[in-house]
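Numbering (full-length UniProt numbering), first residue to last: 1 to 140.
In what follows, a single structure is set out as structure tokens and then discussed.
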């Protein structure tokens with residue numbers, strides 16, 4: 001998908017208002033930098049998305065194409081439903097997140113939107129954790 005988008009972006013002129021020819025926002029996970037039991041393949045895959053973001057940004061900054069990534073923490077979605085319905089796992093997730101709640105889809109959408117706005121035109125190659133502090137450590 002990124003290759004197709006980049007091909008299109010390269011055909012476009014630089015948009016002065018937006019400060020770029022296009023934006024790509026990848027989605028990885030806080031699991032790309034934090035180990036979780038039983039999540040070897042998932043964590044490795046998400047780490048590769050982080051590195052693809054950085055390498056792509058290096059390749060295409062000269063083309064005025066922004067490539068960034070949002071790395072969500074635990075978000076109450078259908079994907080997490082099984083874990084959230086298990087009270088023991090749910091409590092572990094809550095305790096691993098310093099912020100006093102789990103994430104929402106709106107939390108993630110707001111970060112993606114910001115990375116698409118003109119105000120973020122000088123941000124590229126970054127992986128933005130949106131995880132309630134999960135990747136900085138457990139609160140006391």
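Virtual Cβ for every residue (Gly too), placed ideally from N, Cα, C.
Expected contact under 8 Å - CB spacing of residue i and residue j to nearest Å
i	j	result
residue 72	residue 108	5 Å
residue 19	residue 129	Incorrect: roughly 24 Å between the Cβ atoms, too far for contact.
residue 93	residue 70	Not confirmed; about 19 Å, so no contact.
residue 133	residue 98	4 Å
Residue i to residue j span [Cα, whole Å]
i	j	result
residue 55	residue 21	18 Å
residue 104	residue 78	11 Å
residue 3	residue 63	14 Å
residue 11	residue 39	40 Å
residue 24	residue 44	21 Å
residue 6	residue 87	44 Å
residue 96	residue 76	15 Å
C-beta contact flag for residue i and residue j at 7 Å
i	j	result
residue 115	residue 68	yes
residue 50	residue 127	yes
Cut-off 8 Å between Cβ atoms - residues of its own chain near residue i, not counting five sequence neighbours on either side
i	result
residue 61	124 and 125
residue 17	118
residue 137	98
6 Å Cβ shell around residue i - same chain, five flanking residues per side excluded
i	result
residue 135	30, 33, 34 and 129
residue 36	none
Neighbour-count burial assignment, residue i, 16 or more Cβ in a 10 Å radius
i	result
residue 66	buried
residue 26	buried
residue 113	exposed
residue 120	buried
residue 57	buried
residue 106	exposed
residue 46	buried
residue 110	exposed
residue 140	Bear in mind that the predicted position of residue 140 carries a pLDDT of just 47, short of 50, making it too unreliable to give a figure here.
residue 48	exposed
Same chain only: Cβ atoms within 7 Å of residue i, ignoring 5 sequence neighbours per side
i	result
residue 42	31
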